[in-house]
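Here's the structure, in C-alpha coordinates; my notes come after.
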Amino acid sequence: MDIKPILNRIKNGDRSAFAGVVQQFQQPLFGYLGRMGLTQSVSEEIAQETFLRAWTKLNDYDPARAEFSTWLFTIARNLALHELDRASNKREVTSDEALPEFASQDKQPAEVFSQHQQRKRLFNALHNLPVADRSALALAYFQELDLAAIARVEGCSVGAIKVRLHRAKQRLRQLLEEHYE
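Counting in the numbering used here, the sequence shown runs from -11 upward without gaps.
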(Lines of atoms letter the chains of each structure in order from A and count residues from 1; the text may use other names and numbers.)
(Lines give C-alpha, C1' and ligand atoms only; values in the text may rest on other atoms or scores of the structure.)
Protein backbone atom coordinates (compact mmCIF):
# COMPACT_ATOMS: atom_id res chain seq x y z
CA MET A 1 0.00 0.00 0.00
CA ASP A 2 1.40 3.36 -1.05
CA ILE A 3 1.61 5.76 1.87
CA LYS A 4 1.94 8.95 -0.21
CA PRO A 5 -1.81 9.39 -0.91
CA ILE A 6 -2.54 8.98 2.80
CA LEU A 7 0.12 11.56 3.69
CA ASN A 8 -1.30 13.97 1.11
CA ARG A 9 -4.79 13.57 2.60
CA ILE A 10 -3.42 14.30 6.07
CA LYS A 11 -1.53 17.39 4.86
CA ASN A 12 -4.75 18.58 3.18
CA GLY A 13 -6.57 18.48 6.52
CA ASP A 14 -8.07 14.97 6.60
CA ARG A 15 -7.14 14.09 10.18
CA SER A 16 -8.92 10.74 10.00
CA ALA A 17 -6.50 9.60 7.27
CA PHE A 18 -3.82 9.08 9.92
CA ALA A 19 -5.67 5.91 10.90
CA GLY A 20 -4.37 4.49 7.61
CA VAL A 21 -0.81 5.18 8.72
CA VAL A 22 -1.43 3.43 12.02
CA GLN A 23 -3.11 0.50 10.29
CA GLN A 24 -0.24 0.05 7.85
CA PHE A 25 2.63 0.35 10.33
CA GLN A 26 1.26 -0.86 13.66
CA GLN A 27 2.20 -4.54 13.32
CA PRO A 28 5.64 -3.91 11.76
CA LEU A 29 6.43 -1.47 14.59
CA PHE A 30 5.27 -3.94 17.27
CA GLY A 31 7.44 -6.64 15.74
CA TYR A 32 10.47 -4.36 15.50
CA LEU A 33 10.11 -3.14 19.07
CA GLY A 34 9.63 -6.67 20.39
CA ARG A 35 12.79 -7.76 18.64
CA MET A 36 14.59 -4.85 20.27
CA GLY A 37 13.96 -6.66 23.56
CA LEU A 38 10.91 -4.79 24.82
CA THR A 39 7.88 -6.42 26.40
CA GLN A 40 4.56 -6.31 24.60
CA SER A 41 3.16 -3.62 26.89
CA VAL A 42 6.24 -1.40 26.53
CA SER A 43 6.25 -2.01 22.76
CA GLU A 44 2.62 -0.87 22.61
CA GLU A 45 3.43 2.27 24.60
CA ILE A 46 6.40 3.12 22.42
CA ALA A 47 4.45 2.43 19.23
CA GLN A 48 1.70 4.73 20.48
CA GLU A 49 4.26 7.43 21.30
CA THR A 50 5.86 6.90 17.88
CA PHE A 51 2.56 7.53 16.12
CA LEU A 52 1.86 10.54 18.31
CA ARG A 53 5.25 12.06 17.49
CA ALA A 54 4.82 11.26 13.81
CA TRP A 55 1.45 13.02 13.89
CA THR A 56 2.79 16.12 15.63
CA LYS A 57 5.98 16.26 13.52
CA LEU A 58 4.47 15.29 10.17
CA ASN A 59 5.33 18.70 8.72
CA ASP A 60 9.00 17.96 9.50
CA TYR A 61 8.96 14.81 7.37
CA ASP A 62 10.87 15.32 4.11
CA PRO A 63 10.18 12.63 1.48
CA ALA A 64 13.33 13.69 -0.37
CA ARG A 65 15.49 12.60 2.59
CA ALA A 66 13.92 9.23 3.43
CA GLU A 67 10.95 6.96 2.93
CA PHE A 68 8.15 7.48 5.43
CA SER A 69 8.74 4.02 6.91
CA THR A 70 12.40 4.87 7.50
CA TRP A 71 11.43 8.12 9.24
CA LEU A 72 8.84 6.32 11.38
CA PHE A 73 11.22 3.50 12.35
CA THR A 74 13.85 6.11 13.27
CA ILE A 75 11.39 7.69 15.70
CA ALA A 76 10.57 4.25 17.14
CA ARG A 77 14.24 3.32 17.41
CA ASN A 78 15.11 6.50 19.29
CA LEU A 79 12.21 6.00 21.71
CA ALA A 80 13.15 2.33 22.20
CA LEU A 81 16.79 3.20 22.87
CA HIS A 82 15.70 5.78 25.42
CA GLU A 83 13.48 3.20 27.14
CA LEU A 84 16.21 0.55 27.10
CA ASP A 85 18.70 3.03 28.57
CA ARG A 86 16.20 4.02 31.24
CA ALA A 87 15.52 0.40 32.15
CA SER A 88 19.14 -0.79 31.85
CA ASN A 89 19.68 -0.64 35.61
CA LYS A 90 16.88 -3.16 36.07
CA ARG A 91 18.22 -5.44 33.30
CA GLU A 92 15.16 -7.62 33.48
CA VAL A 93 14.73 -10.60 31.19
CA THR A 94 11.90 -9.97 28.81
CA SER A 95 8.98 -12.33 29.28
CA ASP A 96 7.57 -14.69 26.70
CA GLU A 97 4.89 -12.12 25.88
CA ALA A 98 7.38 -10.31 23.63
CA LEU A 99 8.00 -13.42 21.55
CA PRO A 100 6.21 -13.25 18.23
CA GLU A 101 3.53 -15.88 17.84
CA PHE A 102 3.10 -17.72 14.59
CA ALA A 103 0.09 -19.63 13.42
CA SER A 104 0.23 -23.20 14.67
CA GLN A 105 -2.62 -24.67 12.70
CA ASP A 106 -2.64 -28.46 12.39
CA LYS A 107 0.52 -28.93 14.43
CA GLN A 108 1.11 -31.51 17.10
CA PRO A 109 1.66 -30.26 20.67
CA ALA A 110 5.27 -31.49 20.65
CA GLU A 111 5.96 -29.55 17.45
CA VAL A 112 4.34 -26.41 18.85
CA PHE A 113 6.38 -26.78 22.04
CA SER A 114 9.60 -27.30 20.06
CA GLN A 115 8.95 -24.21 17.95
CA HIS A 116 8.19 -22.19 21.06
CA GLN A 117 11.47 -23.34 22.63
CA GLN A 118 13.40 -22.43 19.47
CA ARG A 119 11.80 -18.96 19.40
CA LYS A 120 12.62 -18.54 23.07
CA ARG A 121 16.29 -19.50 22.52
CA LEU A 122 16.54 -17.15 19.55
CA PHE A 123 14.91 -14.32 21.48
CA ASN A 124 17.22 -14.85 24.46
CA ALA A 125 20.25 -14.88 22.16
CA LEU A 126 19.04 -11.69 20.46
CA HIS A 127 18.53 -10.12 23.88
CA ASN A 128 22.20 -10.77 24.68
CA LEU A 129 23.35 -8.78 21.65
CA PRO A 130 24.05 -5.06 21.92
CA VAL A 131 20.98 -2.93 21.21
CA ALA A 132 22.47 -1.54 17.98
CA ASP A 133 22.99 -5.09 16.67
CA ARG A 134 19.45 -6.14 17.63
CA SER A 135 18.05 -3.09 15.90
CA ALA A 136 20.02 -3.66 12.70
CA LEU A 137 19.08 -7.36 12.57
CA ALA A 138 15.41 -6.60 13.19
CA LEU A 139 15.34 -3.94 10.47
CA ALA A 140 17.17 -6.14 7.97
CA TYR A 141 15.58 -9.53 8.52
CA PHE A 142 12.18 -8.89 10.07
CA GLN A 143 11.24 -5.53 8.56
CA GLU A 144 13.18 -6.28 5.35
CA LEU A 145 14.53 -2.76 4.93
CA ASP A 146 17.39 -2.30 2.48
CA LEU A 147 20.87 -1.39 3.71
CA ALA A 148 20.50 2.30 2.82
CA ALA A 149 17.26 2.58 4.80
CA ILE A 150 18.80 0.78 7.78
CA ALA A 151 21.77 3.15 7.64
CA ARG A 152 19.42 6.15 7.73
CA VAL A 153 17.48 4.72 10.69
CA GLU A 154 20.68 3.87 12.56
CA GLY A 155 22.42 7.13 11.62
CA CYS A 156 25.53 5.58 10.09
CA SER A 157 26.98 4.57 6.72
CA VAL A 158 25.92 1.60 4.62
CA GLY A 159 29.40 0.14 5.13
CA ALA A 160 29.01 0.36 8.89
CA ILE A 161 25.66 -1.43 8.64
CA LYS A 162 27.21 -4.22 6.56
CA VAL A 163 29.91 -4.70 9.19
CA ARG A 164 27.39 -4.49 12.05
CA LEU A 165 25.10 -7.08 10.44
CA HIS A 166 27.99 -9.42 9.70
CA ARG A 167 29.33 -9.21 13.26
CA ALA A 168 25.84 -9.46 14.76
CA LYS A 169 25.11 -12.64 12.78
CA GLN A 170 28.45 -14.12 13.87
CA ARG A 171 27.76 -13.28 17.52
CA LEU A 172 24.19 -14.61 17.29
CA ARG A 173 25.46 -17.85 15.76
CA GLN A 174 28.04 -18.12 18.55
CA LEU A 175 25.41 -17.55 21.25
CA LEU A 176 23.10 -20.18 19.75
CA GLU A 177 25.94 -22.70 19.39
CA GLU A 178 26.97 -22.14 23.02
CA HIS A 179 23.42 -22.92 24.06
CA TYR A 180 23.51 -26.29 22.29
CA GLU A 181 26.88 -27.33 23.71
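In this text, a Cβ means the ideal position worked out from N, Cα and C, and glycines have one as well.
- With a cut-off of 8 Å on the beta carbons, I'd call residue 151 and residue 65 a contact; round off their distance for me. Contact doesn't hold; Cβ gap of about 18 Å is too wide.
- Task: Return the Cβ separation of residue 124 and residue 138 in integer angstroms, given the expectation that the two are a contact with Cβ distance under 8 Å.
- Result: Residue 124 to residue 138, Cβ: 6 Å. Contact.
- Task: Report the rounded CA-to-CA distance for residue 32 versus residue 127, giving the unit in angstroms.
- Result: Note on geometry: alpha-carbon atoms of residue 32 and residue 127 lie some 18 Å from one another.
- Do you know how far the Cα of residue 158 is from the Cα of residue 101? Just so you know, the alpha carbons of residue 101 and residue 158 end up roughly 27 Å apart.
- Task: Identify which residue in 131, 97, 67 has its Cα closest to the Cα of residue 12.
- Result: Here the closest residue by C-alpha is 131.
- Message: Along the chain, where does the alpha helix (DSSP H) containing residue 53 start, and where does it finish?
- Response: Neither: residue 53 is in no alpha helix (DSSP H) and is coded neither H nor E.
- Going by beta carbon distance, what residues of the same chain come within less than 6 Å of residue 164, once the five residues before and after it are set aside? The beta carbon of residue 164 is closer than 6 Å to those of 113 in its chain, skipping five residues each way along the sequence.
- Query: Counting pairs of Cβ atoms below 8 Å between the segment 48 to 60 and the segment 104 to 113, do you hit three or more?
  - Reply: At 8 Å Cβ cutoff, the stretches do not touch.
- Message: How far does the alpha helix (DSSP H) with residue 171 in it extend, from its first residue to its last?
- Response: For the chain, the structure presents residues -11 to 169; residue 171 sits outside this window and is missing.
- For residue 166, does the count of other Cβ atoms within 10 angstroms reach 16, so buried, or fall short, so exposed? With fewer than 16 Cβ atoms within 10 Å of its Cβ, residue 166 is classed as exposed.
- Message: Report the CB separation of residue 119 from residue 69 in whole angstroms; it is logged as a contact under 8 Å.
- Response: The distance from the Cβ of residue 119 to that of residue 69 is about 6 Å, consistent with a contact at the 8 Å cut-off.
- Query: Short check: CB of residue 5 to CB of residue -2, under 7 Å?
  - Reply: Yes, these two residues count as a Cβ contact at 7 Å.
- Taking just the CA atoms, how far does residue 135 sit from residue 145? If you take the alpha carbons of residue 145 and residue 135, they lie about 9 Å apart.
- DSSP three-state call for residue 84: helix, strand or coil? Here residue 84 scores only 48 on pLDDT, less than 50, and its place in the model is too uncertain to base an answer on.
- Task: Go to residue -6, then tell me how far its alpha helix (DSSP H) extends in each direction, as first and last residue.
- Result: Residues -8 to -1.
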